[in-house]
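Below: the structure, in C-alpha cells.
In this note's numbering, the protein residues as written are 13 to 197.
Below, the structure written as C-alpha cells:
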C-alpha cells in the first residue's frame, strides 16, 4: 500500500478496503478479482494501482493497520493484555469472521509474527507488560510463543462464532495459568 497523507488517497484506500470486505461477504476471497473490487468501489483502475499492488495488499494493509493499533495499546500498557486481545477481536469481529469463513485466520498470525519483534525494540520498555518477563531471555522465542498461544485461542473463539463470553474464555486461561504455576511444569 502506498502511504499517503493526501485526503483523496486516504479516502480511495478506505473505499477500496470497504469494497473488498463487502465482496468477501458475498464471495470466497480466492474468487474475488481486482476488477470486482474496482467496480464495487466505483473507482478507476489506476486509482486502485496507485494505492495498492493487489487484493492481497489491500487485505494485508488493513490487517497491519489494525495490528499496529493493537500493539500500540499493549506496548503502552493502557490495558490488561487479555482484555486488550478480546477487545481487539470483538472490535474486529467482521474482519475476523470473514477471514475464518475463508480459512485465512493464519494471515493476521503471520503478520503479528513479522511486526511484534520490530515493535518490541521500538517501544517504551517501562510501560510494556512483557518487558520484565522477557528481560535477559531470547525475546523472539517468547514473543512467538505468546502470540501463537493467544492467537490460537482467539481463532477458536472466532471459529465458534464468538458466542462464549470473553470473560469466560479469559477466566479459563487465567485458571490454567494459575494451575501451571502451581504445578511447575
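Cβ atoms here follow ideal geometry from the backbone N, Cα and C, with glycine treated the same way.
Which one of the options has the shortest CA to CA distance from residue i?
| i | options | result |
| --- | --- | --- |
| residue 75 | 50, 101, 96 | 101 |
| residue 60 | 24, 79, 109 | 24 |
| residue 180 | 72, 95, 156 | 95 |
| residue 174 | 26, 83, 103 | 103 |
| residue 15 | 65, 147, 92 | 65 |
| residue 40 | 115, 187, 152 | 115 |
Label residue i either buried or exposed according to how many other C-beta atoms from any shown protein chain fall within 10 Å of its C-beta, with 16 as the threshold for buried.
| i | result |
| --- | --- |
| residue 32 | buried |
| residue 87 | buried |
| residue 29 | buried |
| residue 63 | buried |
| residue 49 | buried |
| residue 192 | exposed |
| residue 107 | buried |
Cα separation between residue i and residue j?
| i | j | result |
| --- | --- | --- |
| residue 163 | residue 42 | 23 Å |
| residue 55 | residue 19 | 15 Å |
| residue 169 | residue 159 | 15 Å |
| residue 36 | residue 44 | 8 Å |
| residue 1 | residue 117 | No statement about residue 1 is possible, as the shown extent of the chain runs from 13 to 197 and does not include it. |
| residue 58 | residue 22 | 15 Å |
| residue 165 | residue 156 | 14 Å |
| residue 161 | residue 52 | 37 Å |
| residue 26 | residue 93 | 29 Å |
| residue 17 | residue 189 | 44 Å |
| residue 186 | residue 195 | 14 Å |
| residue 152 | residue 85 | 20 Å |
| residue 69 | residue 121 | 16 Å |
| residue 34 | residue 172 | 22 Å |
Would you grab the beta carbon distance between residue i and residue j for me? Rounded to a whole angstrom, and I think it's under 8 Å.
| i | j | result |
| --- | --- | --- |
| residue 105 | residue 72 | Not a contact, Cβ separation roughly 19 Å. |
| residue 83 | residue 127 | 7 Å |
| residue 119 | residue 110 | The pair is not a contact, with the Cβ atoms about 11 Å apart (cut-off 8 Å). |
| residue 67 | residue 46 | 6 Å |
Starting from the N-terminal side, write out each stretch of the alpha helix (DSSP H) that is 4 residues or longer and does not extend beyond the region 94 to 131. 105 to 113
Would you list, in sequence order, the uninterrupted beta strand (DSSP E) runs of no fewer than 3 residues that lie entirely inside the region 28 to 97? none
Report the start-end ranges of each alpha helix (DSSP H) in the region 143 to 180 that is 4 residues or longer and not cut off at the edges. 143 to 146, 151 to 171
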